[in-house]
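Undergrad: Residues -20 to -1, 1 to 314, numbered by mature numbering (1 follows the signal peptide of the UniProt record, and there is no 0), are exactly what the sequence shown covers, in order. Handing you a structure now.
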Amino acid sequence: MWPRASLALLVFCIVRLTFSFQCIGYAPLIEGSDCRLYAPSPYSQVNTAADSTWTSGSGYRPTDANKDDTWIEVDLKADHVIGGVVTWPMNDPDQENYVQTFRLQHRREDEQMANYRDAEGNIQIFTGNQNNQENVVLNEFRSPIKARYVRLMPVTYSNTPGLRWELLGCNRYVLPHGVRSANASECGTVPTECISAHRLQLEWTGLVTELTEVNVVIKGRSLTCNHFLITMGITEGAIGCNTEYALCKIDESGEEGICHATCTLSGGQVAQPFNLMLLLTGDPQTELCSIEPDLNLKSVQQDSCSLVLGQARRVISDWSAFMQDVSGLASTPS
């Protein structure tokens, strides 16, 4: 554990938000990649897992004997940050074959499969296609996941659990921008752009993790990776206007503009809500572009000062136009 620090939190531009991360631009992870698709007991040679991509001629469909206990899984060959899942009915307008509700499991390499869960910790049941006219349905995740393997498991369906599907990877993901203090004009904050970090404080509230260590990658421009200019800490207590923190270890990554923070939780903080603070001081050219967390973190607290990114289901009428729009948001900061 690094030393404790007592810091007055009065003189910095404050942006207060929850530990959620927003995808800025999507890219398909299954279509056109060298990923591997698996599914049990296909109905025919043209209804295999490989036929489940959105450009395929049919879609995956299990045999009638296996339709109540089926799944489809993708191996993306490497860990990816994933922001949502898209489903289509089978490519047969004369048949009402589609998945109405489903759940997801995911895992990184060398880890166990885990169920995707909602903010209360319950297994999330996603609403898929409700008729053949809802041709494309996007379910955006409440918070992105990081995984190599993703398994879709139908719960309810029309006629048979046939479908085509896609996973959307985050081309770039940044901090959402919440309610700001009265002197917010000093921040120069514009959504989808980097935050001016001449003097900046960010605070996340109500974080929960089962881990004893939290790792965070801080990316920006003109960043200096040391404790004098970047301070990150876990709240230990407060006396008057001062807040006491257990400081995280700040290290260089070897790459310009990228710093690593390692925060150690005490035994009483594991699996319990805690607060995390980032204090960044730089020159007028310093900018904060993104913070990439260990994605085993989740936020369970929603206060009135926060911007909470909720899960969203959307019916998309023009898939090609949609992908063109969201891909155009995906430029990476230089």
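Idealized CB from N, CA, C, for every residue including glycine. Since this is a predicted model, take the numbers as computed values, not measurements.
CB-CB under 7 Å to D298, same chain, minus the five flanking residues each way: which ones, in chain order?
TA: none
Undergrad: Excluding the 5 residues flanking F82 on each side, which residues of the same chain have their C-beta closer than 7 Å to its C-beta?
TA: F106, G108, L132, M133, P134 and V135
Undergrad: Take T192 and list the residues in its own chain whose beta-carbon comes closer than 7 Å to its own, dropping the five residues that flank it on each side.
TA: T244, L245 and V250
Undergrad: Can you tell me which of D55, N71 and D263 puts its alpha carbon nearest to the alpha carbon of R41?
TA: N71
Undergrad: Alpha carbon to alpha carbon, how far is L256 from D263? Give it in angstroms, no decimals.
TA: 24 Å
Undergrad: Assign V295 to one of two classes, buried (16 or more other C-beta atoms within 10 Å of its C-beta) or exposed (fewer than that).
TA: Residue burial annotation: V295 is exposed, with fewer than 16 other C-beta atoms found within 10 angstroms of its C-beta.
Undergrad: How long is the line joining the alpha carbons of T43 and I52, rounded to whole angstroms?
TA: 13 Å
Undergrad: Mind reading off the beta-carbon distance from Q85 to N95? Whole number of angstroms is fine, and I expect it under 8 Å.
TA: 6 Å
Undergrad: Do L143 and T67 come within 7 Å of each other at the CB atom, strictly closer than that value?
TA: yes
Undergrad: Roughly how many angstroms separate the alpha carbons of I210 and N77, rounded to a whole number?
TA: 54 Å
Undergrad: According to DSSP, simplified to helix, strand and coil, what is M70?
TA: coil
Undergrad: Beta carbon of E235: closer than 6 Å to some heavy atom of the ligand NAP?
TA: This structure simply doesn't include the ligand NAP, nor any ligand for that matter.
Undergrad: What is the residue span of the beta strand (DSSP E) that Q304 lies within?
TA: Element bounds for Q304: not the beta strand (DSSP E) but the alpha helix (DSSP H), W299 to S307.
Undergrad: Judging by CA-CA distance, which residue of E236, A241 and E235 is the nearest neighbour of K229?
TA: A241
Undergrad: Between the Cα of G186 and those of E11, A226, L9 and F254, spot the shortest distance and give me the residue it belongs to.
TA: F254
Undergrad: According to the Cβ coordinates, are G200 and L268 closer than 7 Å?
TA: yes
Undergrad: Pull the bridge partners of E53 from the DSSP assignment, please.
TA: E53 pairs with Y18 and R131.
Undergrad: If you compare alpha carbons, which of N46, R88, N112 and R97 is closest to P69?
TA: Of the listed residues, the one whose Cα sits closest to P69 is N112.
Undergrad: With distances taken from CA atoms, which of T215, G237 and E232 is nearest G248?
TA: T215
Undergrad: Once DSSP output is grouped into helix, strand and coil, what is the label at S138?
TA: strand
Undergrad: Give me, in chain order, the residues of the same chain whose beta-carbon lies closer than 8 Å to that of G63; leave out the 5 immediate sequence neighbours on both sides.
TA: C3, Y6, E120, F121, P124, L148, G149, C150 and Y153
Undergrad: Looking only at its own chain, which residues have a Cβ that is under 6 Å from the Cβ of T140, when we skip the five neighbours before and after it?
TA: R41, K47 and N77
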